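Chains as they are written, first to last, in the numbering used here: chain A, 1 to 244; chain Y, 1001 to 1240. Note that CB positions come from ideal geometry on N, CA and C, so glycine has one too. Please read all numbers here as calculations on a predicted model, not as lab measurements.
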């Protein structure tokens, strides 16, 4: 589905580019990094760039494994930031506490082991050519996909209550819209785990869920940024005394 | 339900037969596009009629009373109750009244701000509420209680609901229109200085309790706003 792939890449790229000035000033560079990773991920989901990079790495789809690990790093960072921004102390504890560390370690181990067990020769973005080979690959591919989505789903579950509360809270409309977009992304991220085991005929729906997860998170962060920019006085405004 | 456009045009023709729409808009300050849009949609806002009435030197109540949903508005009305009058005094003015009473030998008449104040709608409803008022209004108009409360919180109340609330409470029909700022105290037939007298008639204890209640509500509102502000700032700081 080229529309989804390119659409996601464009949205990530826009969200990244609008942050360049802030990042240069040293403001919220972590978010910039998150969006950079998101852009890299969406780039690697497109067959052309994927084949080019994987070719350089030896054409055994190592790029796909690296992609999964980048996703984990990105999700960890975005989870921490969201937990801090939404004041979700519980989510933060879950993420950096024992549960979060074990979860991350388990997810890393699970993707690496399933990846090594598969016969992964021959570059193909999203490993789509592989899973059709039949035999061991066909059995392992869903587990590899599910393992790659398990940690994002875990992070999304921890953030769900705080996101819901923010959507319902009496806050500026754009802030709530941002939270709603993020909530949609989190829901899609959770739904993508069971979707990994759906039969092949459901492929379009599965792809949609996967891209919705990325799009929801990135759009949410973009809308948070826009709402902040609209509320903030322009940078070159003359100095004024704030009342109250 | 705002005024039906057909009946509105009929009224307009009867009060200003020689004027065209452009003239009406010029003297009343209603924007031409606004009026045109309201006419096209078939629903004219009550505030439009009030502005035009004032510009023509007519009492808006008489104009409104010509419409079926506001029949009886211009009839002989019971005067506003003391509680209604006091509800239209701003919180800061009430606090000033408390201070003025404790100041020795200072009997200066208090100057009050104009009638609709920052929480005038909710204060007015509270002043005439016997505990069941909201249910009766809801039953009479079909407006859900939570929508009614939302309007009060935003210090708004549609003119139709304001009149329905007065009816349900058994008080003069115009009190709510004053509290929402649609018409002035004078247009509603409130005597000049009626609010001052109502405040003066309160005993020290009544005035102090009332001011205290208002201050507490104001404090809660401010605290909530501050919390929401802090929450928003935190989001922007971490994610914006």
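Using beta carbons (cut-off 8 Å, strictly below), is residue i in contact with chain A?
{"i": "residue 1240/Y", "result": "yes"}
{"i": "residue 1092/Y", "result": "no"}
{"i": "residue 1228/Y", "result": "yes"}
{"i": "residue 1011/Y", "result": "no"}
{"i": "residue 1119/Y", "result": "no"}
{"i": "residue 1232/Y", "result": "yes"}
{"i": "residue 1128/Y", "result": "no"}
{"i": "residue 1183/Y", "result": "no"}
{"i": "residue 1190/Y", "result": "no"}
{"i": "residue 1027/Y", "result": "no"}
{"i": "residue 1235/Y", "result": "yes"}
If we call anything under 8 Å between Cβ atoms a contact, is residue i one with residue j?
{"i": "residue 1152/Y", "j": "residue 1180/Y", "result": "no"}
{"i": "residue 1187/Y", "j": "residue 1079/Y", "result": "no"}
{"i": "residue 175/A", "j": "residue 224/A", "result": "yes"}
{"i": "residue 1066/Y", "j": "residue 1124/Y", "result": "no"}
{"i": "residue 245/A", "j": "residue 147/A", "result": "Missing from the structure shown is residue 245/A; chain A here goes from 1 to 244 and no further."}
{"i": "residue 1082/Y", "j": "residue 1198/Y", "result": "yes"}
{"i": "residue 8/A", "j": "residue 193/A", "result": "no"}
{"i": "residue 20/A", "j": "residue 1239/Y", "result": "no"}
{"i": "residue 10/A", "j": "residue 41/A", "result": "no"}
{"i": "residue 1043/Y", "j": "residue 1100/Y", "result": "no"}
{"i": "residue 1064/Y", "j": "residue 1058/Y", "result": "no"}
{"i": "residue 84/A", "j": "residue 93/A", "result": "no"}
Compare the C-beta of residue i with all C-beta atoms of chain Y and state if any pair is closer than 8 Å.
{"i": "residue 171/A", "result": "yes"}
{"i": "residue 81/A", "result": "yes"}
{"i": "residue 86/A", "result": "yes"}
{"i": "residue 185/A", "result": "no"}
{"i": "residue 31/A", "result": "yes"}
{"i": "residue 224/A", "result": "yes"}
{"i": "residue 221/A", "result": "yes"}
{"i": "residue 11/A", "result": "no"}
{"i": "residue 18/A", "result": "no"}
{"i": "residue 26/A", "result": "no"}
{"i": "residue 228/A", "result": "yes"}
{"i": "residue 175/A", "result": "yes"}
Per DSSP, residue i is paired with what?
{"i": "residue 1003/Y", "result": "1044/Y"}
Under the assumption that residue i contacts residue j (Cβ atoms under 8 Å), give the Cβ distance between them as a whole number of angstroms.
{"i": "residue 44/A", "j": "residue 34/A", "result": "Actually they do not touch by this definition, with Cβ atoms about 16 Å apart."}
{"i": "residue 1094/Y", "j": "residue 1211/Y", "result": "4 Å"}
{"i": "residue 1161/Y", "j": "residue 1143/Y", "result": "6 Å"}
{"i": "residue 1215/Y", "j": "residue 1091/Y", "result": "7 Å"}
{"i": "residue 1077/Y", "j": "residue 1172/Y", "result": "4 Å"}
{"i": "residue 127/A", "j": "residue 61/A", "result": "6 Å"}
{"i": "residue 156/A", "j": "residue 186/A", "result": "4 Å"}
{"i": "residue 107/A", "j": "residue 218/A", "result": "In fact, because the Cβ distance is near 21 Å, the residues do not count as touching under 8 Å."}
Confirm the yes/no value for this check: CB of residue i, any heavy atom of the ligand ATP, distance under 7 Å.
{"i": "residue 1147/Y", "result": "Only the bare structure without any ligand can be found here, which leaves the ligand ATP out of the picture."}
(message) Quick check for students: name the residue ranges of the alpha helix (DSSP H) that lie wholly in the region 1058-1122 of chain Y, counting only runs of 4 or more.
(response) Runs of the alpha helix (DSSP H) spanning 4 or more residues and lying entirely within the region 1058-1122 of chain Y occur at 1060-1065, 1082-1087, 1091-1102, in chain order.
(request) Please list the segments of the alpha helix (DSSP H) lying wholly inside the region 6-34 of chain A, counting only runs of 4 or more residues, in order along the chain. (result) Within the region 6-34 of chain A, the complete alpha helix (DSSP H) runs of at least 4 residues are 20-25.
(message) Extract the residue ranges of the alpha helix (DSSP H) inside the region 1195-1233 of chain Y, only unbroken runs of 4 or more that lie entirely within it.
(response) none
(request) Can you check the region 29-94 of chain A for any alpha helix (DSSP H) of at least 4 residues that lies completely inside it and give the ranges in chain order? (result) Segments of the alpha helix (DSSP H) lying fully in the region 29-94 of chain A: 29-44, 47-56, 62-85.
(request) Report the residue ranges of all alpha helix (DSSP H) runs contained in full by the region 171-220 of chain A; include only those spanning at least 4 residues, in chain order. (result) 173-195
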